[in-house]
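*Asks:*
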Amino acid sequence: MLDKLEAIKKRYDELTEQMNDPKVTGDMKRYIKLSRDFKELTPIIEAYHVYRNICANMDHAKKLLATEKDDEMREMAREELEMLTEKRSDMEEEIRLMLIPSDPQDVKNAMVEIRAGTGGDEASLFAGDLYRMYSRYCENRRWKTELVDFTEGTAGGFKEIIFNVIGEGAYGQLKYESGVHRVQRVPDTETQGRVHTSAATVAVLPEADEFEVEIKPADIRKDTFCSSGPGGQSVNTTYSAIRLTHIPSGIVVTCQDEKSQMKNFDKAMKVLRSRLFELEYSKYLDDISKKRKTMVSTGDRSAKIRTYNWPQSRVTDHRINMTLYNLSAIVDGDVQSLIDALQLAENAERLKAAVS
């Protein structure tokens with residue numbers, strides 16, 4: 000354990016030195032990369048100092064037991080050694096989890112896309128419920144949300160809605176929500192009281208910054224059009240809505256949430272960068288999922304991950320076979336217990352893979 004930590008400490012000191020080098024501070028792309036690495040290693044270094052201090056105190060207690068003649072002092076040293084041995088064991092378990100290679104994207108903001116699937120109007124209403132659930136969850140976490148684009152359903156809800164989540168570690172938490180969410184309930188339009196099954200797809204992407212994805216202006220076709228939906232006098236009167244087409248990839252992004260064309264353009268560029276980044280990031284996820292067949296978060300949008308059953312007030316996450324009977328609280332934003340359980344399951348898998 001100490002050998003591993005000493006090697007990490009050496010890397011940490013190298014990063015500290017490089018970040019104070021004027022040549023590095025002048026290269027913004029490199030400096031941001033080093034800053035992220037430095038920030039990721041800081042908690043491990045803090046734990047290393049605590050662990051090393053515990054080991055030093057244990058050595059001191061052992062020496063006392065070997066040399067001290069006074070029975071009272073020997074008893075105190077024995078008690079301290081027992082306490083420190085337990086502390087060291089706890090710290091080793093904590094550090095082992097810290098040493099599991101983490102996804103470097105976890106610290107980023109997230110972009111969330113919710114799309115109605117099978118089920119017609121009911122699927123759109125469910126997509127609206129999911130949007131409300133995540134909005135409440137983000138509010139509880141004190142994360143900021145920015146609406147990018149949406150298409151309303153004919154009976155309410157959304158056929159599609161895209162929004163950004165701005166907050167440290169947002170992607171690391173929300174990535175477990177990617178996949179097909181299924182709802183079982185009696186629709187308002189159902190006269191016989193029969194339970195219908197509908198679905199919506201959630202995709203969560205890490206936000207890519209301009210240093211990671213370089214987009215050439217010549218590769219983008221920009222179209223403007225009038226906004227639709229809520230927005231007051233500017234709707235259908237000013238060409239503030241933006242449509243960007245990335246010619247090499249064929250990716251099309253629209254944004255009409257803001258009244259300002261410039262603000263819509265900035266938001267659309269964020270989405271475009273994230274979509275282009277996803278093309279490379281999905282290869283990374285595929286590579287990991289091949290190595291660990293039971294991985295919790297593969298990012299597979301076609302996988303059915305969760306069922307929300309209204310008649311039974313039940314929510315079941317199929318990846319970890321976890322069932323909770325507090326549906327109303329969960330759809331009101333209390334999804335942290337599910338995310339924590341998924342994170343725990345993934346960490347257990349990663350720890351097992353690291354040991355084997």
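Residue numbers for the sequence shown follow numbering that gives the first Met the number 0, beginning at 0 and rising by one.
Glycine included, every Cβ here is placed at the ideal spot set by N, Cα and C.
#1: Quick one: Cα of PRO310 to Cα of SER88, how far?
#2: Can you give me the C-alpha to C-alpha distance between ALA46 and MET90, rounded to a whole angstrom?
#3: Provide the residue(s) that pair with LEU204 in DSSP beta bridges, ordered along the chain.
#4: Would LYS221 and LEU243 qualify as a contact pair, given that the criterion is a beta-carbon distance under 7 angstroms?
#5: Mind the definition here: the segment 117 to 127 touches the segment 157 to 166 only if three or more C-beta pairs lie below 8 angstroms; say whether that holds.
#6: Could you check if GLN191 is buried or exposed, using at least 16 other CB atoms within 10 Å of its CB as the buried criterion?
#7: Whole angstroms are fine: how far does the CA of ILE43 sit from the CA of GLU348?
#8: Going by the CB atoms, is the gap between LEU129 and ALA199 shorter than 7 angstroms?
#9: Ignoring anything shorter than 4 residues, give me the alpha helix (DSSP H) runs that lie fully in the segment 153 to 208, in order along the chain.
#10: Give me the Cβ distance between LEU341 and TYR175, rounded to the nearest whole Å; I'm assuming they're in contact under 8 angstroms.
#11: For a test of the three-state rule: what should DSSP assign to TYR11, helix, strand or coil?
#12: Contact defined as beta carbons within less than 8 angstroms: I believe ARG272 pairs with VAL212. What is the distance between those atoms, to the nearest angstrom?
#13: Round the Cβ separation of VAL179 and SER197 to the nearest angstrom and send it over; I've been treating them as touching at under 8 angstroms.
#14: What is the DSSP secondary structure of ILE338, reduced to helix, strand or coil?
#15: Along the chain, where does the alpha helix (DSSP H) containing MET90 start, and where does it finish?
#16: How big is the Cα-Cα spacing for LEU63 and GLU92?
#17: Among MET268, GLU257, SER239 and LEU275, which one has its Cα closest to the Cα of PRO247?
#18: Alpha carbon to alpha carbon, how far is TYR324 from TYR136?
#19: Kindly list the residues whose CB is nearer than 8 angstroms to the CB of CYS54, restricted to its own chain and excluding five residues on each side of it in sequence; keep chain order.
#20: Start and end of the beta strand (DSSP E) containing MET321?
#21: Considering only heavy atoms of the ligand SAM, does any lie closer than 6 angstroms to the CB of LEU129?
#22: Who are the near neighbours of LYS8 in its chain, counting only those whose CB is closer than 8 angstroms to its CB and skipping five residues on each side?
#23: Tell me which residues share the same chain as ASP36 and place their Cβ nearer than 7 angstroms to its Cβ, disregarding the 5 neighbours each side in the sequence.
#24: Rounded to the nearest angstrom, what separates GLY171 and LYS107 at their Cα positions?
#25: Helix, strand or coil: how does DSSP classify ASN19 here?
#26: Output the distance between the C-alpha atoms of LYS3 and ARG10, rounded to the nearest integer angstrom.
#27: Just to confirm before moving on: does the CB-CB distance between ALA169 and ALA109 stay below 7 angstroms?
*Replies:* With the structure as the only source:
#1: Mapped onto the sequence shown, residue 310 falls at position 311. Mapped onto the sequence shown, residue 88 falls at position 89. Going by the C-alpha atoms only, they are around 46 angstroms apart.
#2: Along the sequence shown, one-based indexing puts residue 46 at 47. Along the sequence shown, one-based indexing puts residue 90 at 91. One C-alpha to the other measures close to 8 angstroms.
#3: Counted from its first residue, the sequence shown places residue 204 at position 205. Bridge partners of LEU204: MET110.
#4: Start at 1 with the first residue of the sequence shown, and residue 221 comes out as number 222. Start at 1 with the first residue of the sequence shown, and residue 243 comes out as number 244. Yes.
#5: yes
#6: Here residue 191 refers to the residue found at position 192 when the sequence shown is read from its first residue. The residue in question, GLN191, is exposed, as its Cβ has fewer than 16 Cβ neighbours within 10 Å.
#7: Within the sequence shown, residue 348 is the residue found at index 349, counting from 1. Within the sequence shown, residue 43 is the residue found at index 44, counting from 1. Near 20 angstroms, if we compare the C-alpha coordinates of ILE43 and GLU348.
#8: Locating residue 199 in the sequence shown gives position 200, counting from the first residue. Locating residue 129 in the sequence shown gives position 130, counting from the first residue. Contact flag set, yes.
#9: 169 to 173
#10: Stepping through the sequence shown from its first residue, residue 341 is reached at position 342. Stepping through the sequence shown from its first residue, residue 175 is reached at position 176. Contact flag correct, Cβ pair sits at about 4 angstroms.
#11: Looking up residue 11 in the sequence shown gives position 12. Helix, per DSSP.
#12: Taking the first residue of the sequence shown as 1, we reach residue 272 at position 273. Taking the first residue of the sequence shown as 1, we reach residue 212 at position 213. So it is a contact: roughly 4 angstroms between Cβ atoms.
#13: Within the sequence shown, numbered from 1, the residue matching residue 179 stands at position 180. Within the sequence shown, numbered from 1, the residue matching residue 197 stands at position 198. The Cβ separation is near 11 angstroms, so there is no contact.
#14: Counted from its first residue, the sequence shown places residue 338 at position 339. Three-state result, ILE338: helix.
#15: Counting from 1 along the sequence shown, the entry for residue 90 is found at position 91. Unbroken alpha helix (DSSP H) run through MET90: 70 to 98.
#16: Start at 1 with the first residue of the sequence shown, and residue 63 comes out as number 64. Start at 1 with the first residue of the sequence shown, and residue 92 comes out as number 93. Distance between the alpha carbons of LEU63 and GLU92 is about 27 angstroms.
#17: On the sequence shown, position 248 is the one that residue 247 refers to. Answer by Cα proximity: LEU275.
#18: Reading the sequence shown from its first residue, position 325 is the one you call residue 324. Reading the sequence shown from its first residue, position 137 is the one you call residue 136. Those two C-alpha atoms are separated by around 18 angstroms.
#19: The residue you call residue 54 lines up with position 55 of the sequence shown. Here the set comprises LEU1 and ARG87.
#20: Numbered from its first residue, the sequence shown carries residue 321 at position 322. Note, MET321: beta strand (DSSP E), 321 to 323.
#21: No copy of the ligand SAM appears in this structure; indeed no ligand is present at all.
#22: Taking the sequence shown and counting its residues from 1, the one referred to as residue 8 is at position 9. The answer, listed in chain order, is ILE44 and TYR47.
#23: Within the sequence shown, residue 36 is the residue found at index 37, counting from 1. So the qualifying residues of the chain are LEU14.
#24: Reading the sequence shown from its first residue, position 172 is the one you call residue 171. Reading the sequence shown from its first residue, position 108 is the one you call residue 107. Taking the straight line from one Cα to the other gives about 7 angstroms.
#25: Taking the sequence shown and counting its residues from 1, one reaches residue 19 at position 20. Correct three-state label for ASN19: coil.
#26: Along the sequence shown, one-based indexing puts residue 3 at 4. Along the sequence shown, one-based indexing puts residue 10 at 11. Approximately 11 angstroms, taken between the alpha carbons.
#27: Here residue 169 refers to the residue found at position 170 of the sequence shown. Here residue 109 refers to the residue found at position 110 of the sequence shown. Going by C-beta atoms, ALA169 is nearer than 7 angstroms to ALA109.
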